[in-house]
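The opening position of the sequence shown corresponds to residue 42 in my numbering, with each subsequent residue numbered one higher.
Note that the Cβ used here is the ideal one computed from N, Cα and C, for glycine as well.
Just so it is clear, the structure is predicted and the values come from calculations on it, not from any experiment.
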Amino acid sequence: MAGYRCISFLTDYGLADGFVGACHGVFARIAPAVRVIDITHLVAPGDVRRGAAVLAQTVPYLPPGVHVAVVDPGVGTARRGVAVQAGDHVFVGPDNGLLSWAADAVGGPAHAYELAEPTLMLPEVSSTFHGRDVFAPVAAHLATGVPLERVGPELPVDRLVRLPDPVSRLHADHAEGEVVTVDRYGNVQTSLTGDQVGALGLRPGTRLEVRSAEGRWEFTYGETFGSVPVGRLVAFVDSAGMLALAINGGNAANQLGLAPGDPVTVRSQPRREHLPVS
């Protein structure tokens, strides 16, 4: 195996401490010629779902490589570390569902291995910093051409921990979904795809109703934030191909009270009730 020219890196470590730098140091010492791409280190602490969504929506745009993801509230417990091959990519991280959506995004997991070979890890493994001591060195060795099967025993891919797939159901005149993620601007990404939006008959300039446990709102369906005046509600298909809910110049998540996991219903023809309007 020739190895990989790229390692990508996603964590919830933040940037205030030396955690990210220590892992970069491990990459550089073992695989100095391999490029490291930082996806993000600002996933909220322990938010496996957010990390999984960001990784899955980013990896299709990355070159074939080894992708290290560490959002690991179970570090040091019986949870496994794994390496998962999917298409031309290998994912390295905790077996807690973090890798599952990304593997699906590039063709689905073909092979999986438990990380169990100590010679591919640092000589001393901390019980609380597997990113530095386990995942980073294993990924770096794989990038230099170490065969995947050397990391440890093979696992059936159907034994890997999966996050539940987000709800996404299309009906005659409405669709049921849920909030998948909220970005730093407060834009609310739902689990409904652009194809589902099209099947509802939504076109730029039409109105749609969004309902959740927090309330009911009428949006304008547009192509971008500027499809409505500043301060107004707008829905559009975002860069990941999903229906997003936003406020031009504002924070939709805060104003609407929506958070990841919240169910939402989208109706193509708003009912003539009293609704907050954009």
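Rounded to whole angstroms, what's the CA-CA distance from residue i to residue j? Just pull it up for me.
i    : j    : result
G66  : L233 : 40 angstroms
S168 : P159 : 14 angstroms
I48  : R70  : 14 angstroms
V220 : G117 : 31 angstroms
A20  : H182 : A query on residue 20 cannot be resolved here, the shown segment of the chain reaching from 42 to 319 and no further.
Q126 : P150 : 6 angstroms
G55  : D214 : 43 angstroms
F170 : G242 : 50 angstroms
G148 : V305 : 28 angstroms
According to DSSP, simplified to helix, strand and coil, what is residue i?
i    : result
Q310 : coil
A276 : strand
H130 : strand
V79  : According to the sequence displayed, residue 79 carries Asp and not Val. If DSSP states are grouped into helix, strand and coil, D79 belongs with the strands.
Use the C-beta contact count for residue i: other C-beta atoms within 10 angstroms, 16 or more gives buried, fewer gives exposed.
i    : result
G246 : exposed
V271 : exposed
A294 : buried
G106 : buried
R200 : exposed
Y226 : exposed
Measure from the alpha carbon of residue i to the alpha carbon of each residue in the options, then state which is nearest.
i    : options                : result
V208 : T231, P194, E195, V202 : T231
G134 : R76, G172, V77         : G172
D129 : R120, P101, G115       : P101
V251 : D236, V223, A285       : A285
A93  : R191, D136, F170       : D136
L297 : E259, G62, Q310        : E259
N289 : L249, E255, F68, G263  : G263
G239 : D224, A276, N292       : A276
V123 : V305, L163, L140       : L140
Whole-angstrom Cβ separation of residue i and residue j, contact assumed at under 8 angstroms?
i    : j    : result
L196 : A153 : 4 angstroms
A157 : P194 : 6 angstroms
R91  : A85  : 6 angstroms
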